[in-house]
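In what follows, a structure is listed as structure tokens, so that the remarks can point back to it.
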Amino acid sequence: MCKVSGGSAARVRIAHRAVFWLGIPLVLAFGLAWLVYPGQPLGPPANRGYSISMEFLSALGRARTPDGTANPWASVLFNGALVGCGVLYGMFFWPARATFVESPFWRFSVWSCGWFMAAGIAGIGLTPFDRFPRIHDWFCSVTCASGCVAVAISLARSGGRLEPSVSRRATLGLLALVVIAAIMIRAGIDVGRIRSRPAMPLLQKAAVAMLIGWTFWQSWLMGRSAEPGEGPGALGRPTDRRSARDRPAG
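So in the working numbering, spot 66 of the sequence shown is number 58, and the numbers just go up one at a time.
Here you go:
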């Protein structure tokens, strides 16, 4: 891991603290939205509640349930938390996570894709799917595509600057598995071999859970790299043992 210093360290620390101090309450807000959804333990009475296996996460943010029950509390919590997450991911990718990417071109790629993802997440919260279905679906597509690219570049082009190679490769492997699973499930649905529900809602929730876990893991690593004190090397210089051994003396 490389240490960051100066202005870069300050920006990384700000993003690290924001992800933890604001991100945790936002994640809890999603759980609270599920609890106050109509038909759920703390929600208004309704014919049925929210089905984890049969409904997408966006269902928590709709203004009314399918049977016409108003959904004032869950929609505000869920959609507001999404907008907050969009702001946080904008800070997470730039200027924080992109700092650890190897070259200006790839840093710009992470920054741009990360901000597209952040804008998409906020857009999902601003366009409840029962009111703006087409715009909502477009924001979902932008979020998925740009998010996959931003995460993949962050992992593939960081070298050993932030985390060990084993960790990066394992995460890249999981990302590839999610993409392959989505393609296979979509193909199975198209040929009538797989039912879209519960397959797609469960895949969505698994992917979101992985993204949240990765975000906190990366934020913790970035916080360590920005701590004051002597580190194994300055950002942009090789820090693993083999690279240090291969450098000429003097």
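The beta carbon of each residue, even a glycine, is placed where N, CA and C say it ideally should be.
In terms of Cβ geometry, residue 149 and residue 98 form a close pair [threshold 8 Å].
In the structure shown, residue 149 falls within a coil segment according to DSSP collapsed to helix, strand and coil. Residue nearest to residue 55 within the set 203, 45, 69, 3 is 69 (criterion: CA-CA distance). Within 10 angstroms of the beta-carbon of residue 184 lie fewer than 16 other beta-carbons, which makes it exposed. For residue 135, the closest of 155, 81, 164, 159 by C-alpha to C-alpha distance is 81. Judged by beta-carbon spacing, residue 170 lies within the 8 Å limit of residue 202, meaning their Cβ atoms are closer than that value.
Looking at the DSSP output, residue 62 bridges to 56.
When DSSP states are grouped into helix, strand and coil, residue 208 belongs to the helix group. Out of 34, 105, 7, 118, the CA that lies nearest to the CA of residue 146 is found in 105.
If you draw a straight line from the Cα of residue 50 to the Cα of residue 121, it is about 7 Å long. Residues of the same chain with a CB within less than 6 Å of the CB of residue 112, apart from the 5 flanking positions on each side, are 131, 134, 135 in chain order. The beta-carbon separation of residue 18 and residue 76, rounded to 5 Å, stays under the 8 Å limit for a contact. Just measuring C-alpha positions, the residue of 168, 212, 197 sitting nearest residue 47 is 197.
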